[in-house]
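Worksheet: the structure to be examined is printed underneath.
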Ligand SMILES: C[S@@+](CC[C@H](N)C(=O)[O-])C[C@H]1O[C@@H](n2cnc3c(N)ncnc32)[C@H](O)[C@@H]1O
């Protein structure tokens with residue numbers, strides 16, 4: 193993985209009393225150890241889930257799958273915890289932290305699907321090396337996926353789209369992944385649900401692209 197320093201906010205304003213209680217009482221019960229145990233259920237991970245709209249929707253529509261969301265931003269985690277409690281959801285685990293540390297220690301071939309939705313775009317050229325979708329990270333992400341597993345990405349940022357597509361067209365990436373929706377990258381996958389950053393993209397009239405990569 194590239195640099196291990198976390199860029200971005202961990203918190204914005206204070207949490208409500210209810211959120212603080214959930215962070216202390218519910219979050220420890222949803223630790224990723226449960227998700228990482230050997231089991232036959234399909235496993236799906238989302239990196240940087242923000243407010244948790246997508247992982248919550250996916251988990252409630254796929255009760256026989258296990259989900260793991262990684263998000264360092266506490267307000268987003270607290271928001272998802274409230275929804276988990278309100279709806280008694282039992283198939284979501286949460287890491288309130290940097291996905292890169294977890295990923296580095298995960299076993300091979302554990303994931304059926306990995307989602308990366310609206311990753312921080314880092315628009316300045318000098319910051320491009322911080323982008324999560326990075327050639328250097330792909331071998332690790334490939335290693336985590338089961339055979340035929342999928343890595344799904346969405347972004348509305350034009351320069352990030354060009355960056356992703358350039359990487360996808362490189363010979364190195366083609367050995368690892370097949371870009372299965374190359375001709376339909378403007379269409380979301382089944383059961384996609386709009387996230388907060390998706391809504392922001394719509395407000396600013398930005399085109400969203402969805403990438404589905406199948407592990408070779
Ligand atoms: C632009 S926001 C998108 C949030 C959400 N996916 C959405 O579509 O609304 C990017 C998110 O990625 C998270 N993030 C950034 N670096 C991360 C990392 N190393 N591990 C996990 N999450 C990360 C940020 O905290 C932020 O919530």
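Numbering (this note's numbering), first residue to last: 193 to 408.
We treat Cβ as the ideally placed atom computed from N, Cα and C, and that holds for glycine.
Between residue 236 and residue 250, the C-beta spacing is below 8 Å. Boundaries of the alpha helix (DSSP H) harbouring residue 212: 209-217, taken from the DSSP string. In this structure, the CA atom of residue 229 is about 36 Å from the CA atom of residue 376.
Here residue 387 carries a coil assignment [DSSP, helix/strand/coil]. For residue 274, the closest alpha carbon among the candidates 308, 208, 390 is that of 208. For the 8 Å CB-CB criterion, residue 324 and residue 311 form a contact.
Per DSSP, residue 270 is one residue of the alpha helix (DSSP H) stretching across 266-278. Nearest C-alpha to residue 212 among 267, 332, 253, 254: 267. Between residue 279 and residue 383 the beta-carbon gap is near 17 Å, outside 8 Å, which marks them as no contact.
With a cut-off of 8 Å on Cβ pairs, the stretch 240-248 is not in contact with the stretch 216-229, counting fewer than three such pairs.
Between ligand 1 and the CB of residue 312, the shortest heavy atom gap is smaller than 7 Å. Taking the Cβ of residue 239 as the reference point, at least one heavy atom of ligand 1 falls within a distance shorter than 7 Å. For residue 260, same chain residues with a beta-carbon under 6 Å away, outside a window of 5 residues either side, are 224, 227, 237, 285 in chain order.
Under the three-state reduction of DSSP, residue 251 is assigned to helix. Going by beta carbons, residue 407 and residue 341 fall inside the 8 Å limit.
According to DSSP, residue 403 shares a beta bridge with 345. Secondary structure of residue 309 (DSSP, three-state): strand. Nearest to residue 309 by alpha-carbon distance, out of 388, 303, 322, is 388.
Relative to ligand 1, the beta carbon of residue 389 is positioned inside 7 Å of a heavy atom.
The secondary-structure analysis by DSSP pairs residue 370 across a beta bridge with 406.
Residue nearest to residue 348 within the set 258, 231, 399, 370 is 399 (criterion: CA-CA distance).
In this structure, residue 306 and residue 343 form a Cβ contact; the two beta carbons are roughly 5 Å apart against a cut-off of 8 Å.
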